[in-house]
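Asker: Pasting a structure below so you can have a look.
Protein chains in written order, with this note's numbering: chain A, 1284 to 1530; chain B, 2 to 75.
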């Protein structure tokens, strides 16, 4: 049985999907048949798309099931769709990640940094390791006062040949991450390298933990704030993008 | 592969060899190719979307983890 509000939501979902290929021919009533649930997720009226990156960023190797992961092969086409969609005007990137695959993390970060639509990132909880390039890839970045970012050098897994070239290779891989962060934030390469090699900040590794405001002070993140500030900034960027001035 | 994470490697790969996943299979559902895991009688859980249409990846009905019902072909 369909009530009026459900009918409306179906219509709004269809109109929202108008530029996104043919709509699925299922009405709300068929959700029980198709999905085993009484209602589909409600249709979003928002022109902002929220992309959450949580847990490990999974790259070329599938991680064992106890890891909570964000899969890059799913996120990258989503970003393409967001870039192309007529309805989505801005992207809000929410980060609570412990890091993960360097290639996958940098791939997502490069995608976000080259989007034409306004992007704002918000670090909640943690944005560690490869989460740092992701946080700075947006046009404007926010960090919650209690959120942390761990800046530390990359490591290598698997067989490592103990030759000077290995060190050189690791250095170059580290530079990919460092250069990306330097390109997209206000921190200098020297300062970032200093944070990377800091001792005394972590119990079993070199590196530095930055909490909330500290990340802003070092110039990695733009502002301290929460969801309200992030959305406000995104709205401002959207109106600038559309040719109007800020609110 | 280079993992850049604060999580110790031994936690990430603690049961790397354990066979806890069932084998995924490929199906076509509403003209979208999906990699699915069996989830009971005629039901599948979406593991991955294999589509060249980027909007399939934003479709709320085609997100990984969602259970879909596939009618048997008569």
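Each residue gets a CB set at the ideal place from its N, CA and C atoms; glycine is no exception.
Quick caveat: nothing in here was measured; it's all calculated off a predicted structure.
Count Cβ pairs between the region 1440 to 1448 of chain A and the region 1458 to 1469 of chain A that sit closer than 8 Å; are there 3 or more?
Answerer: In short, these stretches do not touch, since the Cβ pair count stays below three.
Asker: When you compare each of A:1456, A:1398, A:1475, A:1508 to residue 1360 of chain A by their alpha carbons, which one comes out closest?
Answerer: The option with the nearest alpha carbon to residue 1360 of chain A is A:1398.
Asker: Can you find the residues in the same chain that come closer than 7 Å, C-beta to C-beta, to residue 1481 of chain A, ignoring five residues on each side of it along the sequence?
Answerer: Counting only Cβ-Cβ distances below 7 Å, and skipping sequence neighbours, we find 1489, 1490, 1491.
Asker: When the Cα of residue 1350 of chain A is compared with those of A:1499, A:1340, A:1448, A:1356, which residue comes out closest?
Answerer: Residue A:1340 is the option with its Cα nearest to residue 1350 of chain A.
Asker: Just checking, does the region 1396 to 1410 of chain A make contact with the region 23 to 35 of chain B on the three C-beta pairs under 8 Å criterion?
Answerer: Judged by Cβ distances under 8 Å, the region 1396 to 1410 of chain A makes no contact with the region 23 to 35 of chain B, as fewer than three pairs qualify.
Asker: So the candidates are A:1392, A:1493, A:1393; which of them puts its Cα closest to the Cα of residue 1428 of chain A?
Answerer: When each option's Cα is compared against that of residue 1428 of chain A, the closest is A:1493.
Asker: From residue 1366 of chain A to residue 69 of chain B, what does the alpha carbon distance come to, in whole angstroms?
Answerer: Each residue's alpha carbon lies about 28 Å from the other.
Asker: Would residue 1292 of chain A count as contacting chain B if we go by Cβ distances under 8 Å?
Answerer: Interpretation of residue 1292 of chain A is limited by its pLDDT of 46, a score under 50 that renders its predicted location unreliable; no figure is taken from the coordinates.
Asker: Suppose the cutoff is 8 Å on Cβ atoms and the five residues either side in sequence are ignored; what does the same chain contact list for residue 1336 of chain A look like?
Answerer: These residues qualify, in order along the chain: 1353, 1358, 1376, 1377, 1378, 1379, 1380, 1391, 1414, 1417.
Asker: Mind listing, in chain order, the continuous alpha helix (DSSP H) runs of no fewer than 4 residues lying wholly within the region 1439 to 1473 of chain A?
Answerer: Qualifying alpha helix (DSSP H) stretches, in chain order: 1447 to 1467.
Asker: So does the region 32 to 45 of chain B actually touch the region 1467 to 1486 of chain A, counting three or more Cβ pairs closer than 8 Å?
Answerer: The region 32 to 45 of chain B is not in contact with the region 1467 to 1486 of chain A.
Asker: If you run the structure through DSSP and keep just helix, strand and coil, what is residue 1388 of chain A?
Answerer: Note: residue 1388 of chain A maps to helix in three-state DSSP.
Asker: Could you pull the DSSP bridge partners for residue 45 of chain B from this structure?
Answerer: According to DSSP, which records beta bridges pairwise, residue 45 of chain B is partnered with B:39, B:69.
Asker: Looking only at its own chain, which residues have a Cβ that is under 7 Å from the Cβ of residue 1401 of chain A, when we skip the five neighbours before and after it?
Answerer: Closer than 7 Å at the Cβ level, and outside the excluded window around residue 1401 of chain A, lie 1373, 1422, 1517, 1520, 1521, 1524.
Asker: Can you tell me whether residue 39 of chain B is buried or exposed, with buried defined as 16 or more other CB within 10 angstroms of its CB?
Answerer: By the neighbour-count rule (16 or more Cβ atoms within 10 Å), residue 39 of chain B is not buried but exposed.
Asker: Any chance you could list the beta strand (DSSP E) runs of at least 3 consecutive residues sitting entirely within the region 1369 to 1418 of chain A, in chain order?
Answerer: Whole beta strand (DSSP E) segments, 3+ residues: 1373 to 1384, 1402 to 1410.
Asker: Would residue 8 of chain B pass as an interface residue toward chain A - the criterion being a Cβ-Cβ separation below 8 Å?
Answerer: Closer than 8 Å to some Cβ of chain A, the Cβ of residue 8 of chain B qualifies, so yes.
Asker: Which residues mark the beginning and the end of the alpha helix (DSSP H) in which residue 1522 of chain A is found?
Answerer: Per DSSP, residue 1522 of chain A belongs to the alpha helix (DSSP H) from 1510 to 1524.
Asker: How many Å lie between residue 64 of chain B and residue 1371 of chain A at the Cα?
Answerer: If I take the Cα positions, the gap works out to 18 Å.
Asker: With 8 Å as the threshold, decide whether the Cβ of residue 65 of chain B is near any Cβ in chain A.
Answerer: Yes, residue 65 of chain B lies at the interface with chain A (some Cβ there is under 8 Å from its Cβ).
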